[in-house]
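**Q** With our numbering applied, the sequence shown covers 22 to 143.
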Amino acid sequence: MNPRDIEQLSEFLDGRLKPSASARLESRLASEPELVSALDGMRESRALLRRMPKRRAPRNFTLTPKMVGLKPPLPRAYPILRFATVAAAFLFAVSFVRIGSGALGAAQPAAEPAAFSAEALT
């Protein structure tokens, strides 16, 4: 007997087995005494559980955060960090644009010295 057989027996006992599967299981029950024994054991267990007195739980067992020791989360500076991230990304993009256009990184060629004129020398 395998776990699938036990599950089928449980579904058969609960009346949740499809009619075709139920017919196959009944034919197996007629030929396999081990299945009959397992089904009888399940019926006895079910009857025993139904005869037990019903009791309510003595209290609610749900734990509160205080019982677990969880502290409430500290307030976060998330909006400030979000603004700082946007500002840093903007400055980063601006610096790349300026470097790419040659405004910062590329050196401008120096202006050629003015030709000395004769007037300037005299």
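Backbone N, C-alpha and C define an ideal beta-carbon position, used for all residues, glycine too.
1) Please say whether residue 46 and residue 57 have beta carbons closer to each other than 7 Å?
2) Count the other CB atoms, across all protein chains shown, that sit within 10 Å of the CB of residue 30; report buried if there are 16 or more and exposed otherwise.
3) Could you check what DSSP says for residue 90 in three-state terms: helix, strand or coil?
4) Taking the alpha carbon of residue 93 as the point to measure from, which residue in 118, 85, 109 has its own alpha carbon closest?
5) From the DSSP output, in three-state form, read off residue 36 for me.
6) When the Cα atoms are used, what is the spatial distance from residue 65 to residue 82?
7) Helix, strand or coil for residue 78 per DSSP?
8) Suppose you measure from the CA of residue 22 to the CA of residue 55; what does that come to, to the nearest Å?
9) Given that a residue counts as buried once 16 or more other Cβ atoms are within 10 Å of its Cβ, and exposed if not, what is residue 60?
**A** Quick answer:
1) Residue numbering aside, residue 57 sits at position 36 when the sequence shown is read from its first letter. Residue numbering aside, residue 46 sits at position 25 when the sequence shown is read from its first letter. Cβ atoms of residue 57 and residue 46: not closer than 7 Å.
2) By one-based count along the sequence shown, residue 30 stands at place 9. Flag for residue 30 reads buried.
3) Taking the first residue of the sequence shown as 1, we reach residue 90 at position 69. Residue 90 falls in the coil class under three-state DSSP.
4) Here residue 93 refers to the residue found at position 72 of the sequence shown. For the residues 118, 85, 109, the minimum Cα distance to residue 93 belongs to 85.
5) Along the sequence shown, one-based indexing puts residue 36 at 15. The answer is coil: DSSP assigns residue 36 none of H, G, I, E or B.
6) The residue labelled residue 65 in the question sits at position 44 within the sequence shown. The residue labelled residue 82 in the question sits at position 61 within the sequence shown. In a straight line, the C-alpha of residue 65 is about 31 Å away from that of residue 82.
7) Counting from one through the sequence shown, the residue named residue 78 turns up at place 57. Three-state DSSP puts residue 78 in coil, outside helix and strand.
8) The sequence position of residue 22 within the sequence shown is 1, counting from 1. The sequence position of residue 55 within the sequence shown is 34, counting from 1. Those two C-alpha atoms are separated by around 8 Å.
9) Within the sequence shown, residue 60 is the residue found at index 39, counting from 1. Buried, since its Cβ has 16 or more Cβ neighbours within 10 Å.
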